[in-house]
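What follows is a single structure, written as C-alpha cells, with notes after it.
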Amino acid sequence: MADEKKAKVPARAVKTAAEFVAAHGRQSRAVVENIGRAGARIVLVGEDGAFGDVVVPDVATAEAVVAAVPDLAPSEWDRETTAALRIGSAHRHKMAGR
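Every letter in the sequence shown is one number past the one before it in numbering that gives the first Met the number 0, and letter 55, counting from 1, is 54.
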C-alpha cells in the first residue's frame, strides 16, 4: 500500500526548482539521491552548468517535485549530466574546508 500512497508535492520545493530552471536554462536536469533518514536530495544541474539542490522528505516526494516543474528533466549521474556541471574554484575550496 505504501507504493500506492501519493507523495505530497511541497510548493516551496517546486518554486525553488522552477526558479532555478528559469535562472539557469530550460534544459535543466534533476538527479534524485536518497540521503537516508534525512530524506532525498534533488541535485539541479542547469543548462549553463550551475548546480543547486533541494532537500525533501523522501524519494517519492523528490520525484513528484521534478515531475511538477516544466523543463526540468529527470536524470542520473551519467556522462552527459556530469559533463554539464561547471564547478568553479571557489566551490572547490569551500568543499575542501578552506
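Heads up, the beta-carbon is just placed ideally off N, CA and C, and yes, glycines get one too.
Compare the C-alpha of residue i against each of the options and name the closest.
{"i": "Val8", "options": "Ala82, Val54 and Ser27", "result": "Val54"}
{"i": "Gly38", "options": "Pro56, Ala49 and Gln26", "result": "Pro56"}
{"i": "Val42", "options": "Ser88, Ala83 and Arg36", "result": "Ala83"}
Please classify residue i: is it buried, with 16 or more other beta-carbons within 10 angstroms of its beta-carbon, or exposed?
{"i": "Ser27", "result": "buried"}
{"i": "Ala34", "result": "The residue you asked about is not Ala; residue 34 is Ile in the sequence shown. Exposed is the call here."}
{"i": "Gly96", "result": "exposed"}
{"i": "Gly87", "result": "exposed"}
Residues in its own chain within less than 6 Å of residue i by CB, not counting five upstream and five downstream?
{"i": "Arg85", "result": "Gly48"}
{"i": "Ala67", "result": "Val8 and Val13"}
Where do the N-terminal and C-terminal ends of the beta strand (DSSP E) with residue i fall, by residue?
{"i": "Glu32", "result": "Ser27 to Asn33"}
{"i": "Val68", "result": "Counting along the chain, Val68 falls outside any beta strand (DSSP E), and DSSP gives it neither H nor E."}
For the alpha helix (DSSP H) that contains residue i, what are its first and last residues?
{"i": "Ala72", "result": "Per DSSP, Ala72 belongs to no alpha helix (DSSP H); it is in the beta strand (DSSP E), Leu71 to Ser74."}
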